[in-house]
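Just so we're aligned, residue 450 is where the sequence shown starts under our numbering, counting upward by one.
For glycine and all other residues, C-beta sits at the position ideal for the given N, C-alpha and C.
Worksheet for the structure shown next.
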Amino acid sequence: MALRYWVGGTAAWDGTAGTKWALTSGGAGGEAVPTSADDVFLNGASGANTVTISTGNAGAKSITCTGFTGTLAGSANISVAGTVILVTGMTCTYSGTLTITATATLTSGGKTIGNVIINAPGGTVTLGSALIATAQSASSLTITAGTFTTSASNYSVTVDKLSSSNANTRTISLNGSTLTLNDSTTAVDFANSTNLTFNAGTSTISINGGLTSISLNGGGKTFYNVNFSNSPNTLSISGANTFNNVSFSSNTSNVISINSANTFNQLSFTAPDSTQKLTSIEFGDNQTITTLVASGNSRTQRIRFTSKTVRTQRTLTVTTWTTRAHMDFADIAFDTTRAATTANTFGDMGNNTNITFDTAKTVYWNLTGSVNWSSNGWALTSGGTPGTNNFPLAHDTVVFNDTGAAGTVIIDKDWAVGTVNMSARTSAMTLDLAAAKVFYITGSFTFGTGVTSEGTLGSGSAYIFCGTTTQTLDTAGVTLKPTINILASTLSLASNLTIGAVNNDNIVIVGGTITANTFNITADGVTDQDGAGTLNMGSGTWTLTGTGAVWNMSTIGAGTTINAGTANIVLDNTTTSSRTFDGANKSYNKLTIGGTTGISTLTIKGSNSFSELASTKSVAHTILFTAATTQQIDKWSIGGTTGNIVTIGSTTTSVAYLTYTGVDKVSTDYLSVSKISAAPTLTWYVGANSTDGGTNTNVYFTDLPRGNGLFFGSNF
């Protein structure tokens, strides 16, 4: 062990000694660069210079800056096997990672440093002052091994992230300190809490992240007070934790997710004000709450309690809940019956237990101009006088007719309503979904011929059908904008359904069912988002006008149910952009590659069955099948023309399999075929004008032989 004093002026701390280091304060330079066995001193004799921790450093046993008036800079990582002392008279711009590997005191002297890692097996690192850390991106305090304590002085900690996720033996003691965490992702990460002892003491963790998403993964530990004081779009708590008090203030959040079964001494939600989004709290498991503080401010400033898994009830066991009003509920059960303390302010979105809801009412819109849904436009009678207490709840019926005034009605928040009846509206009006807003419908939705549907395309806006009984949608010929989601409900069409503009508007199934009956559907694409939906396709035509994944049935898995009926799926985009049909190994009636213009590529994924695979494109195009998949095809209606060759092949160098199940043989022409293994033998005659691209089996590049007693024509 030796001493090292900085005497090198403004320079980098690195592996070349030069004249930077001395054995004594202000002594002669030329000593070796410090190692983990050396105590390092930056002091008054070092001068008001800048010492930059550079990549060639070999660490130190300790770093003491008493009396130093210069600057400690750099972004390289450094490992210290003991105490680190910074002082108020110096400047610190260091933003690298400081790793402490043995028992030590960390005193930052009010200076901001970079990441801090405590990796001191068997040792204890104690704060000697408040800790403020910031790195070039996100800073973190990471406890890898050993003990970290804020000390009996309860020094505060300000970092982006507190992390300890491994299987080493380690302890965190927060005493009575305040931790301010500013991370925009996982502010507390105890995901792997094996061998972690967490002593929360009477600490307060204040999480002040950005505007996207913030999570606390507590690893099943016991916390004291936690405050989410700057709410982003999404907040989440994971791990079966115990809390003294969790509060969510300044709730601009769309969604707060409490994912696991937690125990709260107090759980508090601040109601949104008139400028904020409607706040939704999702429960991923049952919760035990001694004191619940949750209530909306008014009929249009609401809080919503829902289950994170639709149609799976979550039970909230609550000892004390005083003021409760202006709230919506879906899939929530209370341990004892609860009613609103202000009459007619609880909204029923379905599947709730021990909640008293007022009798459903019918309200009528009677307000002119371009105004929000939350405006005072609702009357109790047709053409009646609007009143603030008439705002529709999640189980009410709303009516738009020609008696009441209307212009543009903007769905300005994520409102929920029972039934929407616009059937008598023949005069012009517009229903407009604002950007990034969704509209929950628990009953039926009937449009009128005078209605125009608008929305901000591509913004995440959607009509969400989420009823507990079959819901009917009658568009009355109105084109809907934008997306519709079928959320664990059954949506039955009573007319043709047309949705929006190219590459913004889709049908999304989330564990629900769409029943098309005899009606046609036009949309950019269809997706089963959780792989557990049902499509009763009926006898109409499903026209998909988008590009990319226009049919996606395997986002999660192969749990989708397809009842193909006699429906025809037509891919109708006319651009040159590629398209994907992901069939998830299901059976379909007819798939038609349409869009008469646009030299494009279609990729068919999964091992599917088709009653007919057809193409009506009049230009050259490509159809690829995922390698090693098998398509069973009862009728092949794909061929090219002179100068407009249709390319058939596999997505990789491995072959794809085509099995013909029809009664005739395949007879076509003007194809370019490669990497296809066809079955049965003597069946696939692709014509004398077709091209063999190689690696084919049982594909015959001749015309169908004549005079063999076979029936021809159905596949020409």
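- Taking Thr-967 as reference, the option from Asn-985, Gln-978, Asp-979 with the minimal CA-CA separation is Asn-985.
- By the CB criterion at 7 Å, Thr-561 and Ile-581 fall inside the cutoff.
- Asp-1021 sits close to Thr-994, with the two beta carbons spaced by under 7 Å.
- By the criterion of a C-beta distance shorter than 8 Å, Ser-1103 is surrounded in its chain by Ala-1076, Ala-1077, Lys-1124, once the five residues flanking it on both sides are discounted.
- Here DSSP, grouped into helix, strand and coil, assigns Thr-596 to strand.
- Taking C-beta atoms as the reference points, Ser-893 and Thr-918 fail to come closer than 7 Å.
- Rounded to whole angstroms, the Cβ separation of Val-536 and Phe-517 is 6 Å, and the two are in contact under 8 Å.
- The residues Leu-628, Val-675, in chain order, have a CB closer than 6 Å to that of Ile-654 in the same chain once the five nearest residues on each side in sequence are set aside.
- Check the Cα spacing between Ile-913 and each of Asp-881, Ser-944, Ala-865, Thr-468: the tightest is with Ala-865.
- Cβ neighbours of Val-637 within its own chain (closer than 6 Å, five residues either side excluded): Leu-611, Leu-665.
- Pairing Leu-829 with Val-887, the inter-Cα distance amounts to about 25 Å.
- In its chain, beyond the 5 residues on either side, Asp-807 have a beta carbon closer than 7 Å to the beta carbon of Asn-793.
- The residue from Thr-790, Thr-786, Ala-789, Thr-764 with its alpha-carbon nearest to that of Asp-780 is Thr-764.
- Less than 7 Å separates the beta-carbon of Asn-564 from that of Thr-546.
- The C-alpha of Arg-748 lies about 10 Å from the C-alpha of Asp-777.
- Around the C-beta of Ile-1048, fewer than 16 other C-beta atoms lie within 10 Å, and the residue is accordingly described as exposed.
- Non-local C-beta neighbours of Thr-542 in its own chain, meaning closer than 7 Å and more than five positions away in sequence, comprise Thr-520, Ala-522, ordered along the chain.
- With contacts defined as CB atoms closer than 7 Å, Ala-789 and Ala-809 fail to qualify as a contacting pair.
- A straight-line Cα-Cα distance of about 59 Å links Ile-752 and Asn-1093.
- Taking C-beta atoms as the reference points, Gly-982 and Thr-1009 count as a pair closer than 7 Å.
- Secondary-structure assignment with DSSP links Asn-1093 through a beta bridge to Thr-1090.
- With contacts defined by Cβ atoms closer than 7 Å, Thr-1024 and Asn-1001 do not form a contacting pair.
- In the three-state reduction of the DSSP assignment, Gly-558 falls in the coil class.
- Cβ neighbours of Phe-647 within its own chain (closer than 6 Å, five residues either side excluded): Ile-621, Lys-670.
- Out of Lys-757, Asn-1147, Gly-799, the CA that lies nearest to the CA of Leu-1131 is found in Asn-1147.
- Burial is judged here by how many other beta carbons sit within 10 angstroms of a residue's own beta carbon; Gly-818 has fewer than 16 and is exposed.
- Assigned with DSSP and collapsed to three states, Gly-493 falls in helix.
- Taken through DSSP and simplified to helix, strand or coil, Asn-838 comes out as helix.
- For Phe-517, the three-state secondary structure derived from DSSP is coil.
- Taking a C-beta distance under 7 Å as the contact criterion, Asn-821 and Pro-835 do not qualify as a contact pair.
- Checking the DSSP bridge columns, you'll see Trp-1000 partnered with Val-975, Phe-1030.
- Membership of Gln-1080 in the beta strand (DSSP E) is indicated by the continuous run 1079-1082.
- Within the DSSP secondary-structure output, Gln-750 pairs in a beta bridge with Ser-747.
- Straight-line measurement puts the Cα of Val-1135 at about 38 Å from the Cα of Val-957.
- Of the residues assessed, Ala-1033 falls on the buried side of the cut-off, its CB having 16 or more other CB atoms within 10 angstroms.
- Counting along the chain, the unbroken beta strand (DSSP E) around Ile-1018 starts and ends at 1017-1020.
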